[in-house]
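The structure under discussion appears below in the form of structure tokens.
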Amino acid sequence: MKHIIRQFGLNWFTTVMGIGIVAALTYTSPVEIPLQHVVGVILFVMLNIVFILAFVMWLLRWLMATKTAVDDFHHPGRALFYGAFAMGINVLGNDYFIIGTHLVPRVLAIHISMCIWLAGTVASLFTVIVIPYLLFTEHRVERDETVASWLIPLVPPIVAAATGTNLVPYVGGTEKQFAMIAVIVAMFGVTFFLFMLTSTLVYARLVYHRRLSGQEAPSLWVEIGPIGMSMGTMCGLPTVASHLFGAYANTLHVLAAVFAMAMWGIGLWWILMSSLHTLLHLTPRGDGLPFHLGWWSYVFPIGSFTSGTYALDHLLGHSFFAVAGVAQLAVLWVCFAVVFVRTIIGTVKGDLVAWRSVRQVKTGGDMGTRVKQA
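In the UniProt record's numbering, the protein residues as written are 1 to 374.
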């Protein structure tokens, strides 16, 4: 058991992110789909189970393999996934608001969602400060090692911002609501600014250095995540907080619509680029696409972009974005089904989790080399 706990990585929280966003988007599809609420509830229950298992494993790792857990902060790759941990918390809290309010008393579900959102906000701010600081001062990376995965610890604040907009009407009077909106906009600004900087580095790496390998190709899809969350945040503000902006409410509505549609366009461009990179490695010119947990980059970022399309539909009420949202949901479900099944198979076979540690013990005579399984 300790062997399994020691190898548990924070990248497992990408499964929490993926399951959670598919559950919410299925449940709230802008066009009615048969059994969408049933499927959404099933995924919501699964989300809670997977999150609890992952969270317990993370805690046990700190208790039983403390040195290994601390070493994550010194590794430029593993440290990134503290962002997945923070986003997993935020996604869980949002699902309690979207789905949980239909399963338990509404007030209770909203209080649970608010508590989880606060925890997710703290985790998000920790991640966006600590991990870049370590990258600046301790981690050693080369320019040709730049990947979009560097966005993972930078995205949590905008995920907290997008999910927090739903809760604004429930925090009390206008003073508290305005304070929460100020925090949400500030977190939006942090991630959006860092997203622009990091995307520039990723673009430069794609232009001037070797092409992404098949192992690295899924990481490019991470770029789509903050795009969708920025759309969701901006579209949510005039929906829940127009009364706080007084004479500027109409201006905010127009600004949100124009900004989100512009981001929708760049999101489609990144999806096209990411798709071409994926398809390249499926041809004889490519390296193949070996399966690993990074494949969950095919799920949450697409889900994030789909949630942004949903937000545009809610803001504008135009059938174009409703149809686009359902089309994106269909693509998301294909990706989710493939990655979910591959994850289960990889876990059972031991490709993702080595269930037994193997050590070889040399012995004399004809016995040769004996393998002991611990």
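For each residue, glycine too, the CB sits at the ideal point set by N, CA and C.
Assigned exposure category for residue i - 16 Cβ within 10 Å defines buried
i, result
"THR250", "Correcting the residue identity first, residue 250 is Asn in this sequence and not Thr. Under this definition ASN250 is an exposed residue."
"PHE321", "buried"
"residue 445", "No information on residue 445 is available, as it lies outside the stretch 1 to 374 that the chain covers here."
"THR163", "buried"
"MET1", "exposed"
"ASP144", "exposed"
"GLU32", "exposed"
"ILE344", "exposed"
"LEU186", "According to the sequence provided, residue 186 is Ala. The question's Leu does not apply to it. Exposed, because fewer than 16 other Cβ atoms sit within 10 Å of the Cβ of ALA186."
"ASN11", "buried"
"ILE5", "buried"
"TRP269", "exposed"
"VAL190", "buried"
"GLY350", "exposed"
"PRO34", "exposed"
"PRO284", "exposed"
"VAL50", "buried"
"TYR248", "exposed"
"ILE52", "exposed"
"ALA327", "exposed"
"ALA260", "buried"
"ALA79", "buried"
"ILE279", "Contrary to the premise, residue 279 reads as Leu rather than Ile in this sequence. Counting Cβ neighbours within 10 Å, LEU279 comes out exposed, since fewer than 16 surround it."
"VAL122", "exposed"
"VAL334", "exposed"
"SER274", "buried"
"VAL56", "exposed"
Cα-Cα separation, residue i to residue j
i, j, result
"ALA241", "PRO169", "8 Å"
"ALA69", "TRP355", "19 Å"
"GLY9", "TRP58", "8 Å"
"LYS67", "MET114", "33 Å"
"PHE126", "TRP264", "29 Å"
"THR198", "TYR310", "26 Å"
"ALA54", "ILE271", "29 Å"
"LEU255", "THR306", "20 Å"
"PHE291", "SER124", "28 Å"
"residue 383", "LEU167", "Limits of the chain in this structure are 1 at one end and 374 at the other, which puts residue 383 out of reach."
"LEU352", "LEU293", "8 Å"
"ILE112", "HIS209", "47 Å"
"GLN36", "TYR133", "43 Å"
"GLU175", "PHE188", "20 Å"
"VAL107", "LEU237", "22 Å"
"HIS3", "VAL348", "16 Å"
"ASP140", "HIS277", "Correcting the residue type first, residue 140 is Arg in the shown sequence and not Asp. Rounded to the nearest angstrom, the two C-alpha atoms are 26 Å apart."
"ILE110", "GLN177", "15 Å"
"VAL323", "VAL338", "23 Å"
"THR165", "THR146", "32 Å"
"GLY267", "PHE81", "23 Å"
Residue i vs residue j beta-carbon contact at 7 Å
i, j, result
"GLY303", "LEU25", "yes"
"VAL155", "GLY246", "no"
"PHE97", "PHE13", "no"
"HIS314", "ALA217", "no"
"GLY20", "ASP95", "yes"
"TRP117", "GLY93", "yes"
"TRP296", "GLY40", "no"
"LEU47", "ALA23", "yes"
"residue 376", "PRO157", "With the chain covering only 1 through 374, there is no way to say anything about residue 376."
"CYS235", "LEU312", "yes"
"ASN90", "ALA160", "yes"
"LEU329", "SER29", "yes"
"ALA148", "VAL202", "yes"
"ILE99", "PHE44", "yes"
"PHE192", "SER230", "yes"
CA nearest to the CA of residue i, picked from the options
i, options, result
"VAL16", "VAL183, ALA217, GLY88 and LEU244", "GLY88"
"VAL341", "TYR208, VAL299, GLY267 and HIS74", "VAL299"
"ILE184", "PHE44, LEU272, GLN36 and GLY120", "GLY120"
"ASP71", "ILE99, PRO30 and ILE131", "ILE131"
"GLN7", "GLY18, TRP62 and VAL331", "TRP62"
"GLY77", "ALA109, PRO153 and ILE266", "PRO153"
"THR200", "LEU220, VAL91, LEU279 and ALA182", "LEU220"
"GLY308", "GLY317, SER319 and GLY325", "GLY325"
"GLU142", "PRO30, GLY294 and ARG205", "ARG205"
"ASP287", "ARG211, MET234 and GLN328", "ARG211"
"VAL222", "GLY189, PHE195 and LEU43", "PHE195"
"LEU316", "THR283, LEU272, VAL338 and HIS253", "HIS253"
"ALA257", "HIS318, ALA123, GLN177 and HIS209", "HIS318"
"LEU103", "LEU279, GLY346 and ILE42", "ILE42"
"TYR27", "VAL56, THR101 and ILE266", "THR101"
"PRO301", "LEU60, PHE336 and LEU279", "PHE336"
"LEU151", "ALA262, ILE227, VAL56 and ILE181", "ILE227"
"LEU289", "GLN215, VAL323, GLY346 and MET273", "GLN215"
Heavy atom of the ligand SAH within 6 Å of residue i beta-carbon
i, result
"VAL171", "In terms of ligand content, the structure shown is empty, and the ligand SAH therefore cannot be addressed."
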